[in-house]
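Data first, discussion second: the structure below is written as C-alpha cells.
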Amino acid sequence: MPGGTRDPRALCRSRAGFRLAGLLGCLFPLTGFAHEIRPAYLDVREQADGRLEVSWKVPTLAAAFGEQLPSLPAAAGQQYPVARSGEHEACGCPSLWARPRSSLAMPIHPVFPEHFKVLSPPRVEALEDSELWTWSFEPPVGGLDGAEFGAHGLDVATMDVLVHVVTADGRVVTRLLTPAVSSLTLTADQRVQLGGYLRLGIAHILLGVDHLLFVLGLLLIVPDRWMLLKTVTAFTVAHSLTLAVATLGYAEAPLEPLNVTIALSILFLGPEIVRFRRGETSLTIRHPWVVAFAFGLLHGFGFASGLRTLGLPAGEIPLALLLFNVGVEIGQVGFVLLVLGLVTSFRVLEVRWSRPARALPGFAVGSLGAFWFVQRLVIMASGWR
Amino acid sequence: MPVSLEGRCVSKRGDRLANRISRLGLVTTVLIGGCASTQAHLVNTGLGPFYDGVLHLVLSPDEMLGVAGMALLAGLGGAQFGRIALFTLPLAWLAGSMLGMTGRINLVFPAATGLALLIIGMLVAWDRALPPSMKPVIPAVFGLFMGLMNGAAATAGSLRMSGLIGVAATVFVLVALLAAFTVWLAGRPPWTRIVVRVAGSWIAAIGLLLTGWALR
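Going down the list, the protein sequences come from chains B and U. Throughout, my numbering is defined as the position within the first sequence, counted from one, plus 25. Throughout, my numbering is defined as the position within the second sequence, counted from one, plus 533.
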C-alpha cells in the first residue's frame, strides 16, 4: 500500500518480524566468528648454502575484534639464548616460540622435521593483524626432498595454512594445508598446487556470511532474470576490480572501517527489500546493478584480506589472484543458483508462506546488517582509544 | 507401442531411456554396494561443523539415496505431499539426530539403512496413491529413523549440533529441489513417470543389496 495509511496490525507484525530478525541477528554473529577465514602462511626458502630461512605468519584475533596486540617489548629483532624454551604446546609438541606467544595469536603452530636444527633463534614482529615469526635452520641432512612440513591445531582453530617452499634450485612448491590434510612431504616432482588458491577463494566466500547476505539482499530486490544477470555481473566485475587492485598493492583499505562499511551495505539493503515488497520504488529497486557495483567495490577489498594477509611473493600473486577470484566466483554462483533453485522449487511445490515468513528474509538482512554495523563500529572505536 | 501398467502408451524413446537407466542403475547398485562401510565417515571440510554436516550427507551415498527416494515418493504424490515432506523430513531428521546423539535410543543394526532404502524404493516403484493420513507419517518415521542413525554416527565422530543443522539444511534443500523436479516431471508425458519409478526400483535394489551384504 504505497503511500496509504499503515495498517496497525501489519505494523505490529512488522515489529514482531524485526524482533525475530533481531534475535537471529544476535545468534548468527556469535557463531560467525567461530571460524578463521584468513589462513596462516608458512614460507620456507632454501638458500644457496643450504640454510633454510623460515617465516611463519599467523593471524591474530586483533583484526577480528579491533583490539591492539599486546606490546612485545623484547620481541622485534631480539636474539634469544635458546630456540626451544622447554615448554610444550597443547598438542604435546615442544614449544618453538622461546617465549609465550600473544594470547591473541591463533592456537596453531608449524611442525618441522625432527632432524632440522635451528641455527638462529626466532624473531617475532607484531603486524597489524598477524604475528610474523622467522627462524634460520642449518642445512638439513639429505636436502629438502622427503622433508615433511605441517601444522598442528588446525582442527581446533578451523583454519588453513598455505605452505610455500622455494628450493635452492628454484623449484617452488605451494600447498594448502587443511584440518583434514595438515602436512606436506616434499618430493622432487612437486610444483605449485593450483587448487589451493581456488579452495581459499571458495572457503572465503562460503565463510563470509556478510558477503553472502549482501548477495541474498540483491536477489530479493531483483525483479527479473535480465536484471539479475546485470546485477550479479556488476557485483562480480566490481569486486574483481578492487580485489585485484588491493592484492597487487595499488590501493588498500584499512580493515576496521572496511568491515563497518560492508555491514552498512547490508543494512542499506534491508529497507530496500521491505520497500520492494510493498511495491514502492527507489533508485536501488530501479537500478540494483548500480548499487551492486558500488558496494561490490567495497566487498572486493574485503575479499582481498584473504590473500593480502598472506604476504605472497610478488611472482606468485597474479596466478594466486586469478585462482582465488575464480574460487570466490564459484562460491558466489553456487549460492545464487541454490537460492534460485529453491525459489523455483517453492513455486512448483506451491508453498504458501505466511506474511511474517515472507517478510523474514528482508528483516533478517536489515537486522543483521544493523547488528554488524553497530558491532563493528564499536570495535573500530575501541581500537582508536 | 509399449503399454505401461496403467494401460497408458509409452513411447519407444521413453522405453529406451528406461532400459538405459535400468542398466545404469545396475552399475550404480554394484558401485554403492561396494562401499562396505558408509555409516560413520565424518568429513572435515575445514570450513567448520555446519559445512562438515553438509558434506557428511553429500558424501554418504546410502543417506543421499534415502533422501532422494523420499523426495521422489513425495514428488510422485504431487505438490501437497512434496510440501509435507519438505518440512517434515528435515525436522524429523534433526529430531532423530538429536535423540541419537544422546545415545539413549539405539536403533543401529547392520541392515537398518538397507531395509529403509528397500521400503522407500519399493514405495516409489509401486507408485500408488497413499492415504492422506500416511503422507506426514512416512517422512516423519523415515526422517526419525535415519536421523537416529545419523546421530549415533555423529556421537562417534566430531559432528556437533551445528553439524546436525547442516545435515538437516541439506536434507531440506535436496527434498525441495528433487521433489519439485519430480512434480514437474510427473506432469509431463507418461513415460517420465516411469523413469521416476525405475529410479525407485534402483533404490529398492540397492537397499536389497545393502541388506544382503549386512546380513551375510
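Yeah, the Cβ is synthetic: ideal placement off N, Cα and C, and Gly gets one too.
In chain B, what lies closer than 7 Å to residue i by C-beta?
i	result
U/G615	L374
U/W626	Chain B residues near U/W626: none, gap ~18 Å exceeds 7 Å.
U/V704	Within chain B, no residue comes near U/V704; the closest Cβ sits about 13 Å away, beyond 7 Å.
Can you name the start and end residues of the alpha helix (DSSP H) that residue i belongs to?
i	result
U/V728	P723 to L748
U/S630	A612 to T635
B/W81	That residue, B/W81, is in no alpha helix (DSSP H); its beta strand (DSSP E) goes L77 to P84.
B/T261	R250 to T272
B/A176	Not the alpha helix (DSSP H): B/A176 falls in the beta strand (DSSP E), residues E173 to H177.
U/P582	P582 to V591
B/S207	Neither: B/S207 is in no alpha helix (DSSP H) and is coded neither H nor E.
B/H134	First-last for B/H134: H134 to V136, but that is the beta strand (DSSP E), not the alpha helix (DSSP H).
U/T703	M694 to A719
B/F239	V234 to L245
U/G656	Looking at the sequence provided, one finds Leu at residue 656 of chain U rather than Gly. Per DSSP, U/L656 belongs to the alpha helix (DSSP H) from A645 to W659.
U/V600	P594 to L609
Can you name the start and end residues of the beta strand (DSSP E) that residue i belongs to?
i	result
B/T159	S155 to F162
B/E71	A65 to E71
B/V190	V186 to V191
B/R411	No information on residue 411 of chain B is available, as it lies outside the stretch 26 to 410 that chain B covers here.
B/R377	Neither: B/R377 is in no beta strand (DSSP E) and is coded neither H nor E.
B/V198	V197 to L202
Return the chain-ordered list of same chain residues with a C-beta closer than 6 Å to the C-beta of residue i, the five sequence neighbours on each side being excluded.
i	result
U/V587	G699 and T703
B/I227	G352, I355 and G356
B/L48	Its pLDDT being 45, under 50, B/L48 is placed unreliably in this model, and the value from its coordinates should be taken loosely. Correct list: empty, nothing qualifies.
B/S145	S161
U/M667	none
B/L294	G242 and V390
Note down, in chain order, every chain U residue with its Cβ under 7 Å from the Cβ of residue i.
i	result
B/S370	A709, L710 and A713
B/G366	L710
B/L237	Within chain U, no residue comes near B/L237; the closest Cβ sits about 13 Å away, beyond 7 Å.
B/L385	Under the 7 Å cutoff, chain U gives no residues; its nearest Cβ is about 15 Å from B/L385.
Judging by CA-CA distance, which residue of the options is the nearest neighbour of residue i?
i	options	result
B/G352	B/T267, B/S207 and B/L231	B/L231
U/A713	U/D585, U/L606, U/D595 and U/H589	U/L606
B/W81	B/E139, B/F141, B/E156 and B/N350	B/E156
U/A628	U/A604, U/V600, U/M603 and U/A673	U/A673
B/H140	B/A406, B/V197 and B/G171	B/G171
B/W314	B/V257, B/T159 and B/G167	B/V257
B/R372	U/G636, U/P665, U/T725 and U/A709	U/A709
U/A618	U/V716, U/T725, U/P722 and U/W735	U/V716
B/D185	B/A193, B/A176, B/V166 and B/T192	B/A176
B/V364	B/P386, B/L292, B/L283 and B/A65	B/P386
U/V731	U/A658, U/E596 and U/F705	U/A658
B/G327	B/A193, B/L308 and B/F349	B/F349
U/G599	U/G676, U/R637, U/D660 and U/T621	U/G676
B/D194	B/P296, B/G366 and B/L169	B/L169
Buried or exposed for residue i, please, with buried defined as at least 16 other CB atoms from any protein chain shown within 10 angstroms of its CB.
i	result
B/G242	buried
B/V181	exposed
B/V83	buried
U/A662	exposed
B/S379	exposed
U/S593	buried
U/T744	buried
U/G720	exposed
B/S370	buried
B/T306	exposed
U/R749	exposed
U/G633	buried
U/M603	buried
B/F396	buried
B/P147	buried
B/V368	exposed
B/G274	exposed
Apart from the five residues just before and just after residue i, which ones in its own chain have a Cβ nearer than 8 Å to its Cβ?
i	result
U/L741	G647 and L651
U/H574	Residue confidence is low: U/H574 scores 45 on pLDDT, short of 50, so the model does not pin down where it sits. Its coordinate-derived value is still stated next. These residues qualify, in order along the chain: H589, L592 and S593.
U/V670	none
B/L179	I133, D185, V186, L202, T203, P204 and S207
Quick one: what's got a C-beta closer than 7 Å to residue i's C-beta in the same chain, skipping five residues either side?
i	result
B/F360	L237 and V240
B/T272	A329, L332, R333, I342 and L346
B/R224	L201 and G352
B/S265	G325 and N350
Whose Cβ in chain B lies nearer than 8 Å to the Cβ of residue i?
i	result
U/A612	V373, L374 and E375
U/V716	V373 and L374
Residue i versus chain U: which residues are under 9 Å apart at the beta carbon?
i	result
B/L323	What B/L323 touches in chain U: nothing, since even the nearest Cβ is about 24 Å away.
Report the neighbours of residue i on chain B: residues whose CB is nearer than 9 Å to its CB, in chain order.
i	result
U/L619	S370, F371, L374 and V376
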